[in-house]
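Q: Sharing a structure, written as structure tokens. Questions coming.
2 protein chains.
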Amino acid sequence: MSTDPPGHDLPLRLLLGFRVLVDGVHAELARRGHPELRPVHGFVLQAVGPSGATAVELGRRLGVTKQAAAKHIEFLQDRGYLERATDPRDARRKPVRLTGRAFDSLRISAAAFDELRAGWARTLGEQRLRALEADLRAVTPGAAFRLDLPGWFAGG
Amino acid sequence: MSTDPPGHDLPLRLLLGFRVLVDGVHAELARRGHPELRPVHGFVLQAVGPSGATAVELGRRLGVTKQAAAKHIEFLQDRGYLERATDPRDARRKPVRLTGRAFDSLRISAAAFDELRAGWARTLGEQRLRALEADLRAVTPGAAFRLDLPGWFAGG
DNA sequence: ACACGATGGACAACCAGGTTCACTATTTGT
DNA sequence: ACAAATAGTGAACCTGGTTGTCCATCGTGT
Chain A
157 MSTDPPGHDL
167 PLRLLLGFRV
177 LVDGVHAELA
187 RRGHPELRPV
197 HGFVLQAVGP
207 SGATAVELGR
217 RLGVTKQAAA
227 KHIEFLQDRG
237 YLERATDPRD
247 ARRKPVRLTG
257 RAFDSLRISA
267 AAFDELRAGW
277 ARTLGEQRLR
287 ALEADLRAVT
297 PGAAFRLDLP
307 GWFAGG
Chain B
157 MSTDPPGHDL
167 PLRLLLGFRV
177 LVDGVHAELA
187 RRGHPELRPV
197 HGFVLQAVGP
207 SGATAVELGR
217 RLGVTKQAAA
227 KHIEFLQDRG
237 YLERATDPRD
247 ARRKPVRLTG
257 RAFDSLRISA
267 AAFDELRAGW
277 ARTLGEQRLR
287 ALEADLRAVT
297 PGAAFRLDLP
307 GWFAGG
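Here it is, written out as structure tokens:
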């Protein structure tokens, strides 16, 4: 009797929205000197954070194994986004830190996300956009971001 | 001067929302006799559709190569979700059709997505949810679903 | 002081999913 | 009739995830 829209439209739109925003940011990143960065790398750099992280910590934050985290570290270190440090208190730990280049990319990302959001605000109105954000927060868990998109999606 | 929320929250919430819905549907699918189906498979079955498809057509609909599509076909055929047919007009084509098992899984998925949507409607109110759907449609392209999530995200 | 368990890092093997390249069979069009 | 386009298949390769294994280092309890 109700004429509710079909439920399958919602997940599609959510994913599409995610892709639109992330693609927009990475187009800007590519323009501004970071063409090698893929969506996944932004999340990794974000997870490393200003205080750095070890492979184990990074894996925990991202919801993947330490080995998977180590592969990302190697990739980003090779390209100048991370640098290794040592921990004088614990010779086992080999924390990585963000380089200037990494901070530069994070600044560009943040600005691009803000600009994209402003575009949505122009389309929807700030009021509606805030409602959208609030509603999404209400129906999603507060949980941290999980990096295992490929495996989750396709079944690793 | 404005105190706009940071733009980076939006993509996270969109992705989280997608995951919540898809995880919910697949939990239900697993309970109802389809534990092997991964998120990606739902999209493949949807893309095959009631009228069937060949590997080339499927690849086009999903935005991946025909070889990638063929791998999905092989997987789903082995598990009884797809069956091969022949085209008497063109011996090159080997279209696949959905089996009864596939239709069963699609019915379960549709019902689960509707139920999940109803849950969101209970939380947000039907009004707000419709606004959310309309707003998402307004800021996302009408484009079809692209299957290349793993490669897109991590850089294949 | 020392042995033992826990922790961090690294390496190898494996699987999934995507890609490109190459090849065969069939159809279509000139 | 023959050449170009199309459908399917297989192989090699890349990435990113996993598990399993091993070694070095730290912390703890006896």
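These protein sequence lines are chains A and B, in that order.
First residue of the first sequence? That's 157 in the numbering used here, and the numbers climb one at a time after it.
First residue of the second sequence? That's 157 in the numbering used here, and the numbers climb one at a time after it.
No residue lacks a Cβ here, since even glycine has one placed at the ideal position from N, Cα and C.
Note that the coordinates shown come from a computational prediction; the quantities given were computed from them, not determined experimentally.
Starting from R278/B, follow the alpha helix (DSSP H) in both directions and report where the run begins and ends.
A: Stepping through the second sequence from its first residue, residue 278/B is reached at position 122. First-last of the alpha helix (DSSP H) with R278/B: 256–280.
Q: Check the C-beta distance from V212/A over to L232/A and give it rounded, since I have them as a contact under 8 Å.
A: What you label residue 212/A is simply residue 56 of the first sequence in a count that begins at 1. What you label residue 232/A is simply residue 76 of the first sequence in a count that begins at 1. No, V212/A and L232/A are not in contact; Cβ-Cβ is about 16 Å, not under 8 Å.
Q: My output table needs one value for E213/A: the three-state DSSP class, helix, strand or coil.
A: Position 57 of the first sequence, counting from 1, holds the residue named residue 213/A. Looking at E213/A - three-state DSSP - the assignment turns out to be helix.
Q: Output the boundary residues of the beta strand (DSSP E) element that contains L238/B.
A: Numbered from 1 along the second sequence, position 82 holds the residue referred to as residue 238/B. Segment 238–240, the beta strand (DSSP E) holding L238/B.
Q: Is L171/B close to chain A? Criterion is C-beta to C-beta, closer than 9 Å.
A: Start at 1 with the first residue of the second sequence, and residue 171/B comes out as number 15. Yes - at least one Cβ of chain A is within 9 Å of the one on L171/B.
Q: Would you call the segment 184–197 of chain A and the segment 254–264 of chain A touching, i.e. three or more CB-CB distances under 8 Å?
A: Yes: the two stretches touch, three or more of their Cβ pairs being nearer than 8 Å.
Q: Using the beta-carbon of each residue, which ones in chain A are nearer than 8 Å to R284/B?
A: Position 128 of the second sequence, counted from the start, is the residue given in the question as residue 284/B. Per Cβ cutoff of 8 Å: A287, D291.
Q: Tell whether a beta-carbon distance below 9 Å holds between G173/A and A274/B.
A: Counted from its first residue, the first sequence places residue 173/A at position 17. Counted from its first residue, the second sequence places residue 274/B at position 118. No, Cβ-Cβ distance for G173/A and A274/B is not below 9 Å.
Q: In terms of residues, what are the limits of the alpha helix (DSSP H) holding K250/A?
A: To locate residue 250/A, count along the first sequence from 1; it is residue 94. For K250/A, there is no enclosing alpha helix (DSSP H), as DSSP marks it with neither H nor E.
Q: Compare the beta carbon distance of L292/B and R169/A with 9 Å and say whether it is the shorter of the two.
A: Working through the second sequence from its first residue, we reach residue 292/B at position 136. Working through the first sequence from its first residue, we reach residue 169/A at position 13. For L292/B and R169/A, yes; Cβs fall inside 9 Å.
Q: How about R240/A: is its C-beta nearer than 9 Å to some C-beta of chain B?
A: Numbered from 1 along the first sequence, position 84 holds the residue referred to as residue 240/A. Not closer than 9 Å to any Cβ of chain B, the Cβ of R240/A fails to qualify, so no.
Q: Does the beta-carbon of D243/B, which I'm using as the reference point, lie nearer than 8 Å to any heavy atom of the ligand NAP?
A: The ligand NAP is not part of the structure shown, which contains no ligands of any sort.
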